[in-house]
Ligand SMILES: Cc1cc2nc3c(=O)[nH]c(=O)nc-3n(C[C@H](O)[C@H](O)[C@H](O)COP(=O)(O)OP(=O)(O)OC[C@H]3O[C@@H](n4cnc5c(N)ncnc54)[C@H](O)[C@@H]3O)c2cc1C
């Protein structure tokens, strides 16, 4: 089968892969995106915070993204039913938009810039020469010879495996997460509310669009087993103990269908080797309570695109640039991952949670005093 040459092969057509492909194609690079699925991924995050919106704005995409999404500027937090704080987001707030819609917008822009997408295509083998990736062989036999490779292939990244990067995956086992999509009610539409309880539960309710809402429930493993596996119908009773202000939510939560989401943190020992780099969930994962994974990924894609462009096809120079400008991102990510751990580990304890809450990381750039108001 024929071998295709390109400047950059991006493995994975999620937010990170599509956005990087767009930035590189706009700078005249020939980019091939290899995606194992039949199209861009359908499930993922809903919240894009101000730092991510600023990245999109720099590339003329923020208005496009905002057109269909919902803008919010406040999240109200409760503990054991009492309001404890409000987190306010300045300058237009944050965006709620289902992941697929956001990625689709970027994907549509990629198509206009001539990015090649190879769907239903999975990487079978990656041939290397020393630290340099030479060739990718796909499961259907096609071959790709790229100048650089980016593994934007999610938490089980094959590119990460081939690079031999050390990794530490830590599942958040003390908090089982469930999600349901339900009809929107007036109470959920009014305000994003995040409830915690000293019994180790959380519930987060927010609108998704004009018709639907998303509800996350986090609970201890023993309660999850009892309610979701043994089928003991006390979910509503448990939620009513601490979900106090979302009065009409119980009308829609009863018949909801709850899916389990496995959540882990990921810390890795390096973000690149030679002419290959990791991006997005292939490089790091933090607890979703930070709401920042996509924002950091978009910023990382900008840095990667700058490195690839500046290297202009010189692989030794690319290696050096990635070392100097991209590896340094690991410190920012580790700070965010540690922060997510702190949030996930303290929310049952009101004082400890408030002490670990960092408006600067939640919002980016805002001082605690400016961002937090008493509820
Ligand atoms: C429950 C949860 C909630 C979250 N909520 C938020 C939030 O509200 N806000 C926020 O900013 N972040 C959030 N995040 C983080 C956010 O989802 C990630 O930062 C973001 O999805 C990273 O995008 P990505 O492109 O790296 O990965 P992905 O979207 O996972 O894309 C990876 C792509 O690679 C493809 N792929 C995998 N292996 C191969 C292969 N071998 N060959 C070809 N293709 C392959 C996959 O099919 C997929 O399309 C959340 C995460 C979780 C787990």
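Numbering (full-length UniProt numbering), first residue to last: 1 to 375.
Beta carbons are placed, not taken as given, at the ideal position from N, Cα and C, and that holds for glycine.
Remember, predicted model here, so these are calculated numbers, not experimental data.
Check: Touching by the beta-carbon criterion (3+ pairs, under 8 Å), the region 185-196 and the region 159-175; Outcome: no
Check: Run of the alpha helix (DSSP H) containing residue 308, from where it starts to where it stops; Outcome: 293-311
Check: Sub-9 Å separation of residue 204 and residue 194 beta-carbons; Outcome: yes
Check: C-beta neighbour in chain D for residue 16, strict 9 Å; Outcome: Judged by its chain identifiers, the structure shown contains no chain D, having just a single protein chain.
Check: Limits of the beta strand (DSSP E) - the one that residue 204 falls within; Outcome: 202-207
Check: First through last residue of the beta strand (DSSP E) which encompasses residue 326; Outcome: Per DSSP, residue 326 belongs to no beta strand (DSSP E) and is neither H nor E.
Check: Distance between beta carbons of residue 151 and residue 159, contact taken as under 8 Å; Outcome: 3 Å
Check: Residue 253 in three-state terms, based on DSSP; Outcome: helix
Check: Which of helix, strand or coil DSSP assigns to residue 96; Outcome: strand
Check: C-alpha gap between residue 31 and residue 5, whole angstroms; Outcome: 10 Å
Check: Contact set for residue 71: own chain, Cβ-Cβ below 7 Å, skip 5 residues either direction; Outcome: 92, 93, 95
Check: Opposing strand residues paired with residue 118 [DSSP bridges]; Outcome: 34
Check: Beta-carbon proximity list for residue 310, same chain, < 7 Å, skipping 5 on both sides; Outcome: 321
Check: Burial state of residue 168 (16 or more Cβ within 10 Å); Outcome: exposed
Check: For residue 213, the residue or residues it bridges with in DSSP; Outcome: 182, 207
Check: Three-state secondary structure (DSSP) of residue 339; Outcome: helix
Check: Length of the line joining the Cα atoms of residue 232 and residue 223; Outcome: 10 Å
Check: Alpha carbon of residue 261 to alpha carbon of residue 216, nearest angstrom; Outcome: 10 Å
Check: Within the region 10-66, ranges of the alpha helix (DSSP H) (whole runs, at least 4 residues); Outcome: 15-26, 50-58
Check: Rounded straight-line distance, which links the Cα of residue 291 to that of residue 355; Outcome: 18 Å
Check: Three-state secondary structure (DSSP) of residue 127; Outcome: strand
Check: Proximity test, residue 35 beta-carbon vs ligand 1 heavy atom, cut-off 8 Å; Outcome: yes
Check: Simplified DSSP assignment, three categories, for residue 218; Outcome: strand
Check: Near ligand 1: residue 176 beta-carbon under 8 Å from a heavy atom; Outcome: no
Check: Alpha-carbon spacing of residue 316 relative to residue 128, whole angstroms; Outcome: 15 Å
Check: Chain-order list of residues whose beta-carbon lies under 7 Å from that of residue 52 (same chain, five-residue window excluded); Outcome: 294, 295, 298
Check: Exposure label - residue 344; buried when at least 16 CB within 10 Å; Outcome: buried
Check: Given 8 Å, three or more beta-carbon pairs between the region 18-28 and the region 257-273; Outcome: no
Check: Sub-9 Å separation of residue 303 and residue 326 beta-carbons; Outcome: yes
Check: Ligand 1 heavy atom lying under 8 Å from the CB of residue 339; Outcome: no
Check: Same chain, Cβ closer than 8 Å to residue 211, five either side skipped, listed in chain order; Outcome: 183, 184
Check: Delimiting residues of the beta strand (DSSP E) encompassing residue 148; Outcome: 143-151
Check: Separation of residue 323 from residue 123, as counted between CA atoms; Outcome: 25 Å
Check: Assigned exposure category for residue 257 - 16 Cβ within 10 Å defines buried; Outcome: exposed
Check: Reduced DSSP category for residue 378 - H, G, I as helix; E, B as strand; rest coil; Outcome: As shown, the chain starts at 1 and ends at 375. That puts residue 378 outside it, with no answer to give.
Check: Terminal residues of the beta strand (DSSP E) in which residue 86 lies; Outcome: 82-88
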